[in-house]
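Q:
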Amino acid sequence: MAIDAEQLAIRVNGEFGGSFELYLQTPRGLSRRGTTIDDRLLGFDATHLLRYDELEGACISSILLPSTKVGDYPRRCEIVSSALSESILEIGIPLAELGSIGAGDRIVMRIADDTELSPFSGAISFPAPDIAGFDPVVSIEDPSGDDNGPGTYTYPTDPVFTPGAFDLVDFQSGVSGDHAVFSFGVEGAVANPWGSPTGLAIQTFDVYLDLDPGAGTGRAELLDGRNARLADGNGWEAAITIEGWDSAVATADRDRYSEASPTISITVLASEGRVTVRVPLSSLPDGYDPATTGIAVAVLGQEGFPSAGVRRVRDVAIAASQWEFGGAPRQGANGSATRVIDALDPAGDRTFLGNGVVPLLRP
Ligand SMILES: [Ca+2]
Ligand SMILES: [Ca+2]
Ligand SMILES: [Ca+2]
């Protein structure tokens, strides 16, 4: 078994009677069942079921609700690669399908065919390597303690909003294989109090890419509801918004943008406060190069039930409440005040956000 930044590769030696089931447990899989589909005890709670047969190849089910009939498990076949030659079977599963996996997490597996479970002695498990590693082309630090928007914002009062969770301290970008990689460090931990499949819950990270900084092409306004724009003379051609449930890549011209949902893998190192994402280069505009593209980065509060016209980020009110940030100027409360809590800016110039502007940084 091998794991890299893009997939879990499994190589099985043995005789296959044409079909088998492979049960996997990953730390942040969505649901769990403790038995095979014909009710043999696995010895662990599986989060994923991969079914292989010679005709169909391999299909994976990643939602194994015990109350649901096995036949109703949603299954995806096109994303799993499989190859059988003589007595060696090779299977590749995209990491994005398995939920976030970080260094030190353990992946557990066992195979069942008609007659037996193997290994016979019990499930095997192995640790995931540090797949968040990559070589950054761009590395920019942000001051700590400026997670207060234009200087006045405070966190919502619910205890899930832990200190430093929205305080960006560094950003890196680079390319690894055919993926663009973006990595965000925050001062606090990246907790997952709402149990998202990616390990990310309360934060949203936006990255805006301006392929020709200073030329004024593209869109100045950020994604809907950020209530902020790039500094004059700059416009983004693509934006990536990263959150626990609904990450996307947006591409824009001056007047509008549209979203796509390519497979984005998210690796969370919770206690280190680090989130690393891999986005297919094919989903970004031609000409994207981390060494020349201007970037803007914003941290916001994720919101599954946003105000009208807002793309899934949390409101800022005059006074903080359980689920709202506080500190908006009276005239801007729940209206025009920016929802950006921290923006990447090594100079720490708060007048930017005070004017609804997020700085564009050139590598
Ligand atoms: Ca900061
Ligand atoms: Ca532009
Ligand atoms: Ca900042």
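Position one of the sequence shown corresponds to residue 6 (the working numbering), numbered consecutively onward. Just so it is clear, CB atoms sit at the ideal spot from N, CA and C, and this is done for glycine as well.
(1) Taking DSSP's pairing of strands, which residues face Ser178 in a bridge?
(2) Would you say the beta carbon of Glu353 comes nearer than 7 Å to a heavy atom of ligand 3?
(3) Give me the Cα-Cα distance between Ile247 and Pro99, rounded to the nearest whole angstrom.
(4) Short check: CB of Ile346 to CB of Leu305, under 8 Å?
(5) Taking 8 Å as the threshold (C-beta atoms), are Val85 and Ala117 in contact?
(6) For Asn197, count the other beta carbons within 10 Å of its own beta carbon; 16 or more makes it buried, fewer makes it exposed. Which is it?
(7) Give the C-beta separation of Gln307 and Ala206 to the nearest angstrom, bearing in mind that I take them to be a contact with Cβ-Cβ under 8 Å.
(8) Measuring only from the beta carbon, is Asp147 closer than 7 Å to any heavy atom that is part of ligand 1?
(9) Run the proximity test for Leu173: is its beta-carbon closer than 7 Å to any non-hydrogen atom belonging to ligand 1?
(10) Counting along the chain, where does the beta strand (DSSP E) carrying Thr256 start and finish?
(11) Assuming Leu228 contacts Asp215 under a Cβ cut-off of 8 Å, what Cβ separation, rounded to an integer in Å, is found between them?
(12) Please determine, among Ser270, Leu365, Gln177 and Lys74, the residue with the shortest C-alpha to C-alpha distance to Ser105.
(13) Just to confirm the assignment, what range does the beta strand (DSSP E) spanning Leu365 have?
(14) Out of Asp217, Phe49 and Phe210, state which residue places its alpha-carbon closest to the alpha-carbon of Leu27.
(15) Decide if Ile112 is buried, meaning its Cβ has at least 16 other Cβ atoms within 10 Å, or exposed.
(16) Please list the segments of the beta strand (DSSP E) lying wholly inside the stretch 222-277, counting only runs of 3 or more residues, in order along the chain.
(17) Apply the 10 Å Cβ neighbour rule to Gln177 and answer buried if 16 or more other Cβ atoms are within range, or exposed otherwise.
(18) Per DSSP, what kind of secondary structure is Ala133 in: helix, strand or coil?
(19) For Ser92 versus Ile68, is the C-beta spacing smaller than 8 Å?
(20) Taking 7 Å as the cut-off, is the CB of Asp152 close to at least one heavy atom of ligand 1?
(21) Spatial neighbours of Asp350 within its chain, please: CB distance less than 7 Å, with the 5 preceding and 5 following residues excluded, ordered by chain position.
(22) Spatial neighbours of Ser276 within its chain, please: CB distance less than 6 Å, with the 5 preceding and 5 following residues excluded, ordered by chain position.
(23) Compare the Cα-Cα distances from Gly154 to each of Arg367, Arg344 and Leu366 and report the closest residue.
(24) Which first and last residues belong to the alpha helix (DSSP H) in which Gly104 is found?
(25) In terms of alpha-carbon separation, which member of Phe139, Glu226 and Ala14 lies closest to Val315?
(26) Please classify Val62: does DSSP put it in a helix, a strand, or coil?
(27) At what residues does the alpha helix (DSSP H) containing Leu358 begin and finish?
(28) Give me whichever residues DSSP pairs with Ser87 in a beta bridge.
(29) Compute the minimum distance between the beta carbon of Asp110 and the heavy atoms of ligand 1, and state whether it is under 7 Å.
A: Checking against the coordinates, here is how it stands:
(1) Residue mapping note: residue 178 aligns to position 173 of the sequence shown, counting from 1. Partner(s): Val143 and Phe187.
(2) Position 348 of the sequence shown, counting from 1, holds the residue named residue 353. A small fix is needed here, since residue 353 is Gly in this sequence, not Glu. Correct: Gly353 has its Cβ closer than 7 Å to ligand 3.
(3) As a first step, residue 247 must be located in the sequence shown, where it is residue number 242. As a first step, residue 99 must be located in the sequence shown, where it is residue number 94. Going by the C-alpha atoms only, they are around 18 Å apart.
(4) Taking the sequence shown and counting its residues from 1, one reaches residue 346 at position 341. Taking the sequence shown and counting its residues from 1, one reaches residue 305 at position 300. Yes, they are a contact pair.
(5) The count along the sequence shown starts at 1 and reaches residue 117 at position 112. The count along the sequence shown starts at 1 and reaches residue 85 at position 80. Cβ distance not < 8 Å, so Ala117 and Val85 don't count as in contact.
(6) Position 192 of the sequence shown, counted from the start, is the residue given in the question as residue 197. Asn197 should be labelled buried.
(7) Walking along the sequence shown from the start, residue 307 turns up at place 302. Walking along the sequence shown from the start, residue 206 turns up at place 201. Sure, about 7 Å apart at Cβ, within 8 Å.
(8) As a first step, residue 147 must be located in the sequence shown, where it is residue number 142. Yes, since a heavy atom of ligand 1 falls inside the 7 Å radius drawn around the Cβ of Asp147.
(9) Taking the first residue of the sequence shown as 1, we reach residue 173 at position 168. Correct: Leu173 has its Cβ closer than 7 Å to ligand 1.
(10) Mapped onto the sequence shown, residue 256 falls at position 251. Following the DSSP letters along the chain, one finds Thr256 inside the beta strand (DSSP E) bounded by residues Ala253 to Ala257.
(11) The residue you call residue 228 lines up with position 223 of the sequence shown. The residue you call residue 215 lines up with position 210 of the sequence shown. With a Cβ gap of about 14 Å, Leu228 and Asp215 do not count as contacting.
(12) As a working note, residue 105 is residue 100 in the sequence shown. Of the candidates Ser270, Leu365, Gln177 and Lys74, Ser270 places its Cα closest to the Cα of Ser105.
(13) As a position in the sequence shown, residue 365 is number 360, starting the count at 1. First-last for Leu365: undefined, no H or E at that position.
(14) Walking along the sequence shown from the start, residue 27 turns up at place 22. The shortest C-alpha separation from Leu27 is found at Phe49.
(15) In the sequence shown, residue 112 corresponds to position 107, counting from 1. Buried, since its Cβ has 16 or more Cβ neighbours within 10 Å.
(16) 243-247, 253-257, 262-265 and 270-274
(17) Start at 1 with the first residue of the sequence shown, and residue 177 comes out as number 172. It counts as buried.
(18) Within the sequence shown, numbered from 1, the residue matching residue 133 stands at position 128. Ala133 falls in the coil class under three-state DSSP.
(19) Walking along the sequence shown from the start, residue 92 turns up at place 87. Walking along the sequence shown from the start, residue 68 turns up at place 63. It is not a contact, given that the beta carbons lie outside the stated cut-off.
(20) Locating residue 152 in the sequence shown gives position 147, where the first residue counts as 1. At least one heavy atom of ligand 1 is nearer than 7 Å to the Cβ of Asp152, so yes.
(21) On the sequence shown, position 345 is the one that residue 350 refers to. The residues are Asp147, Phe357 and Pro364.
(22) Along the sequence shown, read from residue 1 onward, the residue named residue 276 stands at position 271. Correct list, in chain order: Ala194.
(23) Within the sequence shown, numbered from 1, the residue matching residue 154 stands at position 149. The shortest C-alpha separation from Gly154 is found at Arg344.
(24) Working through the sequence shown from its first residue, we reach residue 104 at position 99. Element bounds for Gly104: n/a, residue is neither H nor E.
(25) In the sequence shown, residue 315 corresponds to position 310, counting from 1. Nearest option by C-alpha distance: Glu226.
(26) What you label residue 62 is simply residue 57 of the sequence shown in a count that begins at 1. The residue you asked about is not Val; residue 62 is Gly in the sequence shown. In the structure shown, Gly62 sits in a strand (DSSP, three-state: E or B).
(27) Residue 358 sits at position 353 when you count from the first residue of the sequence shown. Its alpha helix (DSSP H) spans residues Thr356 to Gly359.
(28) For the purposes of this step, residue 87 is taken as residue 82 along the sequence shown, with counting starting at 1. Answer is Ile96.
(29) Position 105 of the sequence shown, counted from the start, is the residue given in the question as residue 110. No, Cβ of Asp110 sits at least 7 Å from all heavy atoms of ligand 1.
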